[in-house]
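Visitor: Order-wise, the sequence lines are chains A and B.
Going by the numbering used here, the letters in the first sequence line up with residues 1 to 215, in that order.
Going by the numbering used here, the letters in the second sequence line up with residues 216 to 600, in that order.
The C-beta atom is built at its ideal place from N, Cα and C for all residues, glycine as well.
Have a look at this one.
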Amino acid sequence: MMREDFREIARMVRPGARVLDVGCGEGELLDLLRREKDVDARGLEISADGVGACLARGLSVMQGDADSDLGEFPGEAFDYAILSQTLQAVRQPRKVLSDLMRLAERAIVSFPNFGHWRVRASLLAHGRMPLTRALPQPWWATINIHLCTLRDFTELCADLDLRIEAAVALSDRATPREIDPTHLLENLRTETALLLLSRTHHVAPTADAPTRLFD
Amino acid sequence: MTDVRHAIHTIETGGGVLRLAPEAPLKLESGGRLIGVEIAYKTYGRLNADRSNAILICHALTGDQHVASPHPQSGKPGWWTQVVGPDRPIDLNRYFVICANVLGGCMGSTGPSSHDPVSGRVYGLNFPVITIGDMVRAQAELVSALGIDTLFAVVGGSMGGMQVLQWANDYPERMFSGVCIASAARHSAQNIAFHEVGRQAIMADPEWRGGDYLRLAVRPEKGLAVARMAAHITYLSEPALQRKFGRELQRDGLSWGFDADFQVESYLRHQGSSFVDRFDANAYLYITRAMDYFDLALSHGGVLAQAFAAARDVRFCVLSFTSDWLYPTTESRHVVRALNAAGVRTSFLEIESDKGHDAFLLDEPVLHGALQGFLDSAGEARGLG
Numbered sequence: 001m002m003r004e005d006f007r008e009i010a011r012m013v014r015p016g017a018r019v020l021d022v023g024c025g026e027g028e029l030l031d032l033l034r035r036e037k038d039v040d041a042r043g044l045e046i047s048a049d050g051v052g053a054c055l056a057r058g059l060s061v062m063q064g065d066a067d068s069d070l071g072e073f074p075g076e077a078f079d080y081a082i083l084s085q086t087l088q089a090v091r092q093p094r095k096v097l098s099d100l101m102r103l104a105e106r107a108i109v110s111f112p113n114f115g116h117w118r119v120r121a122s123l124l125a126h127g128r129m130p131l132t133r134a135l136p137q138p139w140w141a142t143i144n145i146h147l148c149t150l151r152d153f154t155e156l157c158a159d160l161d162l163r164i165e166a167a168v169a170l171s172d173r174a175t176p177r178e179i180d181p182t183h184l185l186e187n188l189r190t191e192t193a194l195l196l197l198s199r200t201h202h203v204a205p206t207a208d209a210p211t212r213l214f215d
Numbered sequence: 216m217t218d219v220r221h222a223i224h225t226i227e228t229g230g231g232v233l234r235l236a237p238e239a240p241l242k243l244e245s246g247g248r249l250i251g252v253e254i255a256y257k258t259y260g261r262l263n264a265d266r267s268n269a270i271l272i273c274h275a276l277t278g279d280q281h282v283a284s285p286h287p288q289s290g291k292p293g294w295w296t297q298v299v300g301p302d303r304p305i306d307l308n309r310y311f312v313i314c315a316n317v318l319g320g321c322m323g324s325t326g327p328s329s330h331d332p333v334s335g336r337v338y339g340l341n342f343p344v345i346t347i348g349d350m351v352r353a354q355a356e357l358v359s360a361l362g363i364d365t366l367f368a369v370v371g372g373s374m375g376g377m378q379v380l381q382w383a384n385d386y387p388e389r390m391f392s393g394v395c396i397a398s399a400a401r402h403s404a405q406n407i408a409f410h411e412v413g414r415q416a417i418m419a420d421p422e423w424r425g426g427d428y429l430r431l432a433v434r435p436e437k438g439l440a441v442a443r444m445a446a447h448i449t450y451l452s453e454p455a456l457q458r459k460f461g462r463e464l465q466r467d468g469l470s471w472g473f474d475a476d477f478q479v480e481s482y483l484r485h486q487g488s489s490f491v492d493r494f495d496a497n498a499y500l501y502i503t504r505a506m507d508y509f510d511l512a513l514s515h516g517g518v519l520a521q522a523f524a525a526a527r528d529v530r531f532c533v534l535s536f537t538s539d540w541l542y543p544t545t546e547s548r549h550v551v552r553a554l555n556a557a558g559v560r561t562s563f564l565e566i567e568s569d570k571g572h573d574a575f576l577l578d579e580p581v582l583h584g585a586l587q588g589f590l591d592s593a594g595e596a597r598g599l600g
């Protein structure tokens, strides 16, 4: 079964674009994008099994860590950098987000919204770390170490001078709908947020930046 | 592509020896020239009509051209039959495979045990010091002689991987893809140190005779065996050695002497003594030297990415093993960073294995799966059926 967020991401990507999927797993999304959007698909994945599966699918994927290895890619190398359900699991989300915007013109980011009413209700009612459909694991087993609300995220975007070009609310049980991510009500209603980001200012990379970075 | 067809004296298909014409000497990085170079090679599979399905496999330090067929002296199966064969990752139903003994080797290609056509005597230490770049130049001559303009892939592990990187530097337009396994873009101090131990062992053998042993009809077998024993330890991981041998004894009880009491000693002695039957001591000196001199970034002001600047259209796959301490993953990552910086389409995987550097020669399903996936998709992009 196709993950609903993959379908929405595919809708946002321009055909033929250069795409980097950070945390690409076994390459399902890249495979979909390659098939349906004819993109130049690249991936970064931390697990060896994931990379092995990607290579077996014929994808160009590197084993690496979003926190430490995004620097290996030269600036402006991609049209889109995708971070699907990964931002909340990295050690330095702010740095990872700025790294994405260094190497791609646009970023597509999805994450579980900790401001969703179910999360709030769960915390309020039980006084314990919330367990919801979007956050099904107990605190001691989850890979999520930097959960945030939609409002937190839009503030980080403003702080980093990023423009939100599109935003979609996703849920297992409802069809995706476009939202105004800064609207306070959406911070209550959105279970999983998917945003298309771009830089408000075009940052031209210095000509020798990549090589200086690498040697 | 440089047309060297005029330079070819004789060539055999399906394998044999390429002899470069005396009037077309091979230029060496040291500034010297080698006259009448011979390159012994094997081919497998069939070259397709548009000559687009050829894979060059580059062998490691003590490897040879017999990648998928029995070794003529030992009778042992080819050194990479796990990978090269019908329905293997390098599928002989699909690809045409070329493997040549490196320049400086001792399996039929010109090396220190060959006769200098000028003096008529065995080269010995009069053989010029050669480099990985020289080996690759000789391979390029062979590929041209076989009528192949662009290789579908250049594939190699260890020293073979260095040749793959050198190909990307020297002939990027002549390769569609490259696979570099358990290798590095330069030899580390530790790599050089281990090689120096091996060379000193050979040169300390009185039968080495200043490198002139062949003319005097003796062989520095003991020195070469010790070199092999020391090197062999570097090819294995500590857990692999421990698992295989532990402190197991050869016989009941200790000998209270210096016989091979422990199984690991006996194993190493066997590795050493069987090696001297198939390898030449001077070739060992020359090839280890070529590896030590390898530093691909050196001619690019130390910026490795520059070495791949013209290789943007080459698809690359870099693979390393977790327990390989001879060419550790950090070295492969250094290569990957440079490839990325140059904008080369690169895949990279560190394969979980406790078998050490030798893992690339062994039964490693993840390696084989990754190779297969990479080559299949490259083959599709190349339009190979």
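Please identify, using Cβ separations under 7 Å, the residues of the region 9–39 of chain A that lie next to chain B, in order along the chain.
Guide: Flagged: no residues at all.
Visitor: Residues bridged to Pro-112 (chain A) by DSSP?
Guide: DSSP, once it has assigned bridges, lists A:Thr-192 as partnering Pro-112 (chain A).
Visitor: Given this structure, state the Cα-to-Cα distance separating Val-13 (chain A) from Ser-198 (chain A), to the nearest angstrom.
Guide: Using only the alpha carbons, I get a separation of about 13 Å.
Visitor: Applying a beta-carbon distance threshold of less than 7 Å, which residues of chain A neighbour Asn-555 (chain B)?
Guide: The contacting residues are Glu-72, Phe-73 and Pro-74.
Visitor: If I follow the unbroken alpha helix (DSSP H) through Tyr-542 (chain B), where does it start and stop?
Guide: Run containing Tyr-542 (chain B): none; DSSP gives neither H nor E here.
Visitor: For Leu-44 (chain A), which of A:Gly-25, A:Arg-57 and A:Gly-58 has the nearest alpha-carbon?
Guide: Of A:Gly-25, A:Arg-57 and A:Gly-58, the residue nearest in Cα terms is A:Gly-25.
Visitor: Nearest chain A C-beta to Ser-538 (chain B) closer than 8 Å, yes or no?
Guide: False, the Cβ-Cβ gap to chain A never drops below 8 Å.
Visitor: Consider the Cβ of Ser-592 (chain B): report whether some Cβ of chain A lies at a distance smaller than 8 Å.
Guide: Output row for Ser-592 (chain B): interface = yes.
Visitor: Sort out for me which residues DSSP pairs Lys-242 (chain B) with in a bridge.
Guide: Bridge partners of Lys-242 (chain B): B:Arg-248.
Visitor: Quick one: list the residues of chain B neighbouring Ala-77 (chain A), beta-carbon separation under 9 Å, in chain order.
Guide: In chain order: Asn-555 and Gly-558.
Visitor: For His-330 (chain B), list the residues DSSP reports as bridge partners.
Guide: According to DSSP, which records beta bridges pairwise, His-330 (chain B) is partnered with B:Val-337.
Visitor: Under DSSP, the alpha helix (DSSP H) around Ala-445 (chain B) begins and ends at which residues?
Guide: Ala-445 (chain B) -> alpha helix (DSSP H) spans 436–450.
Visitor: Give a yes or no on whether the minimum CB-CB distance between Arg-57 (chain A) and chain B is below 8 Å.
Guide: Cβ-Cβ to chain B under 8 Å: yes for Arg-57 (chain A).
Visitor: To which residues of the same chain is Pro-210 (chain A) closer than 8 Å at the C-beta, ignoring the five residues directly before and after it?
Guide: With a pLDDT of 45 at Pro-210 (chain A), under the threshold of 50, the modelled position of this residue cannot be trusted; read the value that follows with caution. Excluding residues within five positions, the ones whose Cβ falls inside 8 Å are Pro-74 and Gly-75.
Visitor: Under the three-state reduction of DSSP, which class applies to Ser-47 (chain A): helix, strand or coil?
Guide: Of the three classes helix, strand and coil, the one that applies to Ser-47 (chain A) here is coil, per DSSP.
Visitor: What is the rounded straight-line gap between the Cα of Arg-493 (chain B) and the Cα of Pro-285 (chain B)?
Guide: So the alpha carbons of these two residues sit roughly 13 Å apart.
Visitor: Please report the residue range of the beta strand (DSSP E) in which Leu-271 (chain B) lies.
Guide: Where Leu-271 (chain B) is concerned, the enclosing beta strand (DSSP E) stretches over 269–273.
Visitor: Met-101 (chain A): which of A:Arg-118, A:Arg-177 and A:Ala-81 sits nearest, CA to CA?
Guide: The option with the nearest alpha carbon to Met-101 (chain A) is A:Ala-81.
Visitor: Got a sec: is the Cβ-Cβ distance from Ile-305 (chain B) to anything in chain A below 8 Å?
Guide: Not one chain A Cβ lies under 8 Å of Ile-305 (chain B).
Visitor: Using a Cβ cut-off of 8 Å, pull out every chain A residue sitting near Ser-514 (chain B), in sequence order please.
Guide: Ordered by position in chain A, no residue passes the 8 Å Cβ test against Ser-514 (chain B), which lies about 14 Å from the chain.
Visitor: So is Ser-562 (chain B) in contact with chain A if we call contact Cβ pairs under 8 Å?
Guide: Cβ-Cβ to chain A under 8 Å: yes for Ser-562 (chain B).
Visitor: Which residues share a DSSP beta bridge with Trp-561 (chain B)?
Guide: Correcting the residue identity first, residue 561 (chain B) is Thr in this sequence and not Trp. According to DSSP, Thr-561 (chain B) bridges with B:Phe-531.
Visitor: Less than 7 Å between C-beta atoms, sequence neighbours within five positions excluded: which residues of the same chain meet that for Met-374 (chain B)?
Guide: Within the same chain, Met-374 (chain B) has close Cβ partners Ala-275, Leu-276 and Met-506.
Visitor: What number of angstroms, rounded off, separates the C-alpha of Ala-48 (chain A) from the C-alpha of Ser-488 (chain B)?
Guide: Taking the straight line from one Cα to the other gives about 38 Å.
Visitor: Using 8 Å as the limit for Cβ to Cβ distance, is Arg-430 (chain B) near chain A?
Guide: No - not a single Cβ of chain A is within 8 Å of the one on Arg-430 (chain B).
Visitor: Helix or strand or just coil, what does DSSP make of Phe-477 (chain B)?
Guide: Strand, per DSSP.
Visitor: Drop a sphere of 10 angstroms on the beta-carbon of His-410 (chain B), count the other beta-carbons inside from all chains shown, and report buried for 16 or more, exposed for fewer.
Guide: Classification of His-410 (chain B): buried, given that the 10 Å Cβ count is 16 or more.
Visitor: To the nearest whole angstrom, what separates the beta carbons of Leu-59 (chain A) and Asp-31 (chain A), a pair I think is in contact under 8 Å?
Guide: About 7 Å separates the two Cβ atoms, so the contact holds.
Visitor: Look up Tyr-625 (chain B) in the DSSP assignment and say whether it is helix, strand or coil.
Guide: It is not possible to answer for residue 625 (chain B), since the shown part of chain B is limited to 216 through 600.
Visitor: Any idea what DSSP makes of Gln-63 (chain A), helix, strand or coil?
Guide: Here Gln-63 (chain A) sits in strand by DSSP.
Visitor: Can you pull the chain A neighbours of Gly-584 (chain B), defined as C-beta to C-beta under 8 Å?
Guide: Ordered by position in chain A, the residues that pass the 8 Å Cβ test against Gly-584 (chain B) are Gly-52, Leu-55 and Ala-56.
Visitor: Once the 5 residues before and after Thr-296 (chain B) are set aside, which same chain residues still bring their CB inside 7 Å of it?
Guide: Around Thr-296 (chain B): Ala-283.
Visitor: Chain B partners of Ser-60 (chain A), CB-CB under 8 Å?
Guide: Those within 8 Å of Ser-60 (chain A) in chain B are Arg-530, Arg-560, Thr-561 and Ser-562.
Visitor: Taking 8 Å as the threshold (beta carbon to beta carbon), is Ala-48 (chain A) in contact with chain B?
Guide: True, the Cβ-Cβ gap to chain B drops below 8 Å.
Visitor: Relative to the C-alpha of Ala-315 (chain B), which residue among B:Val-550, B:Asp-306, B:Ser-592 and B:Gly-229 is closest?
Guide: Ranking B:Val-550, B:Asp-306, B:Ser-592 and B:Gly-229 by Cα distance to Ala-315 (chain B) puts B:Gly-229 first.
Visitor: Hey, out of B:Tyr-508, B:Gly-468, B:Ser-470 and B:Leu-451, whose CA is closest to Tyr-482 (chain B)'s CA?
Guide: Tyr-482 (chain B) has its Cα closest to that of B:Leu-451, out of B:Tyr-508, B:Gly-468, B:Ser-470 and B:Leu-451.
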